[in-house]
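Student: If you read the sequences in order, they're chains A and B. Read in the numbering used here, the first sequence has 19 at position 19, and its numbers run on one by one without any break. Read in the numbering used here, the second sequence has 1056 at position 56, and its numbers run on one by one without any break. Below you will find the structure I want to go over with you.
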Amino acid sequence: MSDISDRVKKIVVEHLSVEEDKVTESASFIDDLGADSLDTVELVMAFEEEFGIEIPDDAAETIQTVGDAVKFITENSEG
Amino acid sequence: MFDLTGKRALITGASGGIGGEIARVLHGQGATVALSGTRVEPLAELADSLGDRAHVTPCDLGDAASVEALPKTAAEAMGGIDILVNNAGVTRDQLFMRMSDEDWDTVLRVNLTAAFRLSRGVMRGMMKARWGRIVSVTSVVGVTGNPGQGNYAASKAGLIGMSKSLAAEVASRGITVNCVAPGFISTAMTDKLPDAQKEKLLGAIPAGRMGDANEIAASVAFLASPEASYVTGATLHVNGGMAMI
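Following this line, the structure appears as structure tokens:
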């Protein structure tokens, strides 16, 4: 869990060029981290590659915070 | 100028007059090319005449599964796709009142829906690369309209609207999306027209002659080049002044 969380946060920091301490579990990509809608699509693409999973569009729409992403990936990756 | 060395271009309709010339010119500028079309033989001949850096990737653009597979096949052959040229097009001319649903659907599916699917298919790679060029070959009739071509004109106008929307979405990622709109171009298709009809058409063209496929290809090469990085959502009309729009 913490490993996934760290990897997710690293991707978010790199992709959105934001300070690491702002990337909390409750941080919203769009409202708190300045992402636009295309950034969120790119983040989902990056998560898919990092964790070797597929995130369907309807699931991607529900991933709005860092915590949402960690939760989805934890539940859908094999470890 | 317009050096495409190291760039990888997928061109649809490469077995046709304009598409073949686009492939030749992009290849001549240094690009690796994937030649797509339904007829394998002319594609293989073209690839042979180009030599290195040319791949044949046949595809039936009327078939959804075939279209979905094309970007993957082409990317595997070339190592990626930096440039997509949506050139393929079909006509099913008929007076509007007599036009069948089938003639409408076929033209929209090949000319517009396939371009949509291919553009979507190449987007992920271009987004990651922060560089990409999509050039769609539309037509003067997509802007002016033409009797007997309700389906064709709709598909070509659709390409322009689609390109502008996509251009707005991905401009910040270094990807440009543009159209080239040929007028009356000399190809095997237009050579078949009766002389009387040709004369009449030429009378409406200030340049006084038909265009050459090479003149379309040169415009595509410009829009595909690094130098055109600030041109996006545009339609470049190449028609000898036939319609100044």
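For each residue, glycine too, the CB sits at the ideal point set by N, CA and C.
1) Keeping to the same chain, check which residues put their C-beta closer than 6 Å to that of B/Arg1053; ignore five residues upstream and five downstream.
2) Under the rule that 16 or more other beta-carbon atoms within 10 Å means buried, what is B/Tyr1230, buried or exposed?
3) Keeping to the same chain, check which residues put their C-beta closer than 8 Å to that of B/Ala1243; ignore five residues upstream and five downstream.
4) Leaving out five residues on either side along the sequence, give the residues of the same chain with a beta carbon under 6 Å from the beta carbon of B/Ser1225.
5) Apart from the five residues on each side of it in sequence, which residues of its chain come closer than 7 Å, Cβ to Cβ, to A/Ala27?
6) Ignore the nearest five residues each way along the sequence and tell me which others in B/Ile1205's own chain have a CB closer than 6 Å to its CB.
7) What number of angstroms, rounded off, separates the C-alpha of B/Val1040 from the C-alpha of B/Ser1155?
8) I'd like to know whether the C-beta atoms of B/Val1110 and B/Leu1070 end up nearer to each other than 7 Å.
9) Rounded to whole angstroms, what's the CA-CA distance from B/Val1122 to B/Leu1084? Just pull it up for me.
10) Taking B/Ala1213 as the reference, which of B/Val1107, B/Ala1207, B/Ser1186, B/Glu1076 has the closest Cα?
11) Any contact of the stretch 1008-1020 of chain B with the stretch 1083-1103 of chain B, i.e. 3+ C-beta pairs under 8 Å?
12) Closer than 6 Å by C-beta to B/Ala1171: which residues in its own chain qualify, once you throw out the five before and the five after it? Chain order, please.
13) Just verifying my parser: in three-state terms, what is the DSSP assignment at B/Val1220?
14) Around the C-beta of B/Arg1098, are 16 or more other C-beta atoms found within 10 angstroms, so that it is buried, or is it exposed?
15) Relative to the C-alpha of B/Ser1066, which residue among B/Thr1235, B/Thr1113, B/Val1177, B/Ile1018 is closest?
16) What is the DSSP secondary structure of B/Ala1054, counted as helix, strand or coil?
17) State the DSSP-derived secondary structure class of B/Ala1196, mapped to helix, strand or coil.
Tutor: Let me spell this out:
1) So the qualifying residues of the chain are Thr1032.
2) exposed
3) If we look at B/Ala1243 and ignore the five residues flanking it on each side, its Cβ neighbours are Val1140, Val1143, Thr1144, Gly1183, His1237.
4) Excluding sequence neighbours, B/Ser1225 sits near Phe1002.
5) Leu33, Thr65, Val66
6) Gly1240, Met1242
7) So the two alpha carbons sit approximately 25 Å from each other.
8) no
9) Here the alpha carbons of B/Leu1084 and B/Val1122 stand approximately 8 Å from one another.
10) Nearest C-alpha to B/Ala1213: B/Ser1186.
11) yes
12) Thr1232
13) helix
14) exposed
15) B/Thr1113
16) If DSSP states are grouped into helix, strand and coil, B/Ala1054 belongs with the strands.
17) helix
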